[in-house]
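Presented below is the structure to which this report refers.
2 protein chains.
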Amino acid sequence: MFNERGYDGTSMEDLARALGVTKSAIYHHVSGKTELLRQSLDLALDALFAVTREEGATSGPAADRLDHVLRGSVRVLVEELPHVTLLLRVRGNSEVEKHALERRREFDHHIAGLVREGIVDGDIRSDIDPAVASRLLFGMVNSIVEWYKPDRGLTAEEVADALSTITFRGMHS
Amino acid sequence: MFNERGYDGTSMEDLARALGVTKSAIYHHVSGKTELLRQSLDLALDALFAVTREEGATSGPAADRLDHVLRGSVRVLVEELPHVTLLLRVRGNSEVEKHALERRREFDHHIAGLVREGIVDGDIRSDIDPAVASRLLFGMVNSIVEWYKPDRGLTAEEVADALSTITFRGMHS
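Protein chains in written order, with my numbering: chain A, 729 to 901; chain B, 729 to 901.
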C-alpha cells in the first residue's frame, strides 16, 4: 500500500481495512506507521547486506565477488520486490528514511570498492571510473523493480544471467 | 516543481509564486496544469525520438545504431534532466500520462528491435533475450536521472562512454 498510494497517502485506517483487522490489532504488533516503514526498509537492506557476507562475496577475485553480489542483488529484488521498491523510492524525508539512505550509500561504496579492486587485479578494464560504473550497474539492477512482473515466467536466475552477461562480457558477440 | 512536490501537490498558485508572476499571466500562455505536464513530457519524448532519426541511428549495422541511440539517450537525459525525470515518474494516472507511457513503450520497442536485428546480423550475442536486454539497457540509462548532478564536472559524453563500454564490450578486461 505504501508503494501504491505513497507512504504519506496511507493511513493506519487504510492498512487495517485492507488487512481486515482493527487498527488496535495492528498497534498490538507495531508502534505505528513509522515502525512499519522501518521494518520494510530494514528487511530489504538486511537481505542486500546478507548477500555481501555470502561465501561467493567474501572469497576469490574481486571481479567474481562483484558478479556474485550483482546476481544476489537481482535475487533479492525479485524475492523482496515490494520492500526493495519502497527502499528505492525513499527520499530522506524522515529519520527512518535518512538511516535507510545511509545504509544504501554504504552498500554502493561496497560495490564501488569491488570495481576498484577488480581494476587493480587486472580483471576489470581500467578505462571505466569505478564510481560511475557502480552507479550504472546498480541503475541496471534497480530498474528491475520498474518492469519485473513475477507472473510472466521470467526467473530471477534468468534476469541475473542476462545482467551478468551484458555487464561482464558485453553485448558484442 | 512537479518533480520536487509531485504533480498533484503543485498548484498553479505555487507555480505563479515561484515564477514571480500572477496566475493569469501563466494562463495567458497555457490552458492549465495539464497543458504544462503535456508540454514537459512531449519535450522529453520528442528529444528521445529525435535521436532515433539521426543519421547514426538510421544507417549502418543495427549494433552501431543501438550504440548511437543509447549514447544519444544519455545526452538527452543530461540535457533535459527535469523533463525526463518527470517522464520517468509518470504512472498513467491521466490521459496525458497514458499517452506519454504509450510513446515510451514505442521507444522501448524500437530499442528491442535494434537488439533483435543486431543478433540476426551476428554482431550481438544470441544468448541474451532482446526484451530483457533492452529493459536492462534502459534501466541503466534511466538511472542517470537518479544520480547525475550537473555541477560535479562529469559530462554527458563521459557517462555515455562508460555506459557504451560496459554494455557493448563488458567490464572484463
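All C-beta atoms, glycine included, are put in the ideal place defined by N, C-alpha and C.
Give the straight-line distance between the Cα atoms of residue i and residue j, rounded to the nearest whole angstrom.
i                     : j                     : result
residue 732 (chain A) : residue 850 (chain B) : 42 angstroms
residue 831 (chain A) : residue 819 (chain B) : 28 angstroms
residue 746 (chain A) : residue 807 (chain A) : 22 angstroms
residue 884 (chain A) : residue 766 (chain A) : 26 angstroms
residue 875 (chain B) : residue 753 (chain B) : 35 angstroms
residue 738 (chain A) : residue 827 (chain A) : 21 angstroms
residue 856 (chain B) : residue 794 (chain A) : 20 angstroms
residue 825 (chain A) : residue 736 (chain B) : 22 angstroms
residue 758 (chain B) : residue 742 (chain A) : 37 angstroms
residue 878 (chain A) : residue 858 (chain A) : 32 angstroms
residue 744 (chain B) : residue 734 (chain A) : 27 angstroms
residue 698 (chain B) : residue 844 (chain A) : Any question about residue 698 (chain B) goes unanswered here, given that chain B covers just 729 to 901.
residue 833 (chain B) : residue 780 (chain B) : 14 angstroms
residue 760 (chain A) : residue 748 (chain A) : 17 angstroms
residue 886 (chain B) : residue 886 (chain A) : 30 angstroms
Opposite residue i in the DSSP bridges: which residues?
i                     : result
residue 852 (chain A) : B:900
Mind checking whether residue i and residue j have CB atoms under 9 angstroms apart?
i                     : j                     : result
residue 799 (chain A) : residue 888 (chain A) : yes
residue 805 (chain B) : residue 773 (chain B) : no
residue 778 (chain B) : residue 796 (chain B) : no
residue 867 (chain B) : residue 867 (chain A) : yes
residue 839 (chain B) : residue 865 (chain A) : no
residue 811 (chain B) : residue 768 (chain B) : yes
residue 842 (chain A) : residue 869 (chain A) : no
residue 756 (chain A) : residue 898 (chain B) : no
residue 730 (chain B) : residue 764 (chain B) : yes
residue 762 (chain B) : residue 822 (chain B) : yes
residue 787 (chain A) : residue 871 (chain B) : no
In chain order, what residues of the same chain lie with their CB nearer than 8 angstroms to the CB of residue i, ignoring the 5 residues before and after it?
i                     : result
residue 789 (chain A) : 846, 849, 851
residue 896 (chain B) : 791, 795
residue 863 (chain B) : 836
residue 782 (chain B) : 796, 800
Going along the chain, which residues of its own chain have a beta-carbon closer than 7 angstroms to the beta-carbon of residue i, five neighbours each way excluded?
i                     : result
residue 854 (chain A) : 847
residue 776 (chain B) : 801, 804, 835
residue 873 (chain B) : 805, 809, 812, 813, 816
residue 829 (chain A) : 818, 820
Looking at residue i and the ligand NAP, is the gap between the Cβ and the nearest heavy atom below 8 angstroms?
i                     : result
residue 792 (chain A) : Of the ligands one can find in the structure shown there are none, so the ligand NAP has no counterpart to examine.
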